[in-house]
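Heads up: the structure comes next, in structure tokens.
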Amino acid sequence: MTATDTRSPLARARLWLWALVGIVAFALGTLLAIQWLKPAQGAAGTTAPSDIGTRFTLVDRDGKPVTPQTLKGTPYAIFFGFTRCPDICPTTLNRMAHLRKAMGKDGEKFRIVFVSVDTGHDKPADVGAYVDLFGTPILGLTGSEQQIADAAKSFRVFYQKVPVEGGDYTIDHSAFVVLMDRDGHMQSLLSDHDSDASAIADLRRLIA
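Using our numbering, read the sequence shown as starting at 13 and increasing by one per residue.
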């Protein structure tokens, strides 16, 4: 027997509307962030805005504060998401683990950092347990709602809660990885449209 959707037409329409709003907001946020973050192609001397990633305080799995000063000295690749994310987050973190492995010893010369934007579900220990699933060292961070908002603003990252049936929510968020050099300056972005060869080339430039 096939299950029947007993929701009213109005309820179904509202659900579809929220889903559409979330998709549009996610696409727009990602597009704007990429346009804002990435230097113009071929423009001599262009650089990313100098304040990206310079103002945030988050916490690691043990509740210890992590700031830009904490991360200085080692290049890092930072990605924002949430542990209940069904696709973008595990795909991105798995890919980063794969890229690191493909780089051999050079893969040990940069950090991978994951920031959960889901303060309602992801506590520091939850984020720590999540990043352990990917088989490579990943620094998992989170914080209060204000701390997350400040960090996302600093890295020009978009995220937005989207209500789902049952009173819960999912989160739409930017899907790019920001590459930060050892001095805490943004160098470039990685996206799922980049080939592995292109991404590895960017990572090798990052650690040079």
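Think of the CB as a built atom: it goes at the ideal place given N, C-alpha and C, for glycine as much as any other residue.
Quick caveat, the model's predicted, so the values are computed rather than measured.
The criterion of a C-beta distance shorter than 9 angstroms is not satisfied by HIS197 and GLY85. Per the coordinates, the alpha-carbon of LYS117 lies some 25 angstroms from the alpha-carbon of ASP72. It is roughly 22 angstroms from the alpha-carbon of LEU151 to the alpha-carbon of ASP208.
In the three-state reduction of the DSSP assignment, ILE90 falls in the strand class, which pools E and B. Cβ atoms of VAL127 and ALA163 come within 8 angstroms of each other, at about 6 angstroms. Contact between VAL129 and GLY93 holds, since their C-beta atoms are separated by about 7 angstroms, short of 8 angstroms.
Looking at the backbone, the Cα of ARG168 and that of PRO80 are separated by about 15 angstroms. In this structure, PRO61 sits away from ASP193, with a CB-CB distance that is not shorter than 9 angstroms. In terms of Cβ geometry, ASP214 and LEU191 form a close pair [threshold 9 angstroms]. Looking at the backbone, the Cα of CYS97 and that of ILE219 are separated by about 29 angstroms. Apart from sequence neighbours up to five positions away, the residues of its chain that approach THR103 with a beta-carbon distance below 8 angstroms are ASP204, ordered along the chain.
Counting the other CB atoms within 10 Å of its CB gives GLY147 a total below 16, which places it among the exposed residues. DSSP lists no bridge partner for ILE100. The shortest CA-to-CA distance from LYS76 to any of ALA137, ASP63, LEU145, PHE170 is the one to ALA137. Spatial neighbours of ASN106 in its own chain (CB-CB distance under 7 angstroms, excluding positions within 5 residues in sequence) are listed in chain order as PHE146.
Distances from the CA of ASP144 to each of THR95, ASP195, ALA89 were compared; the closest alpha carbon is that of THR95. When beta bridges are read from the DSSP output, HIS205 appears opposite no residue. VAL174: member of the beta strand (DSSP E) spanning 171–175, first to last residue. In the DSSP assignment, ASP138 falls within the alpha helix (DSSP H) that extends over 136–143. By the 16-neighbour rule on beta-carbons within 10 angstroms, THR82 is exposed.
Here ALA211 is near LEU111, since their CB atoms are less than 9 angstroms apart.
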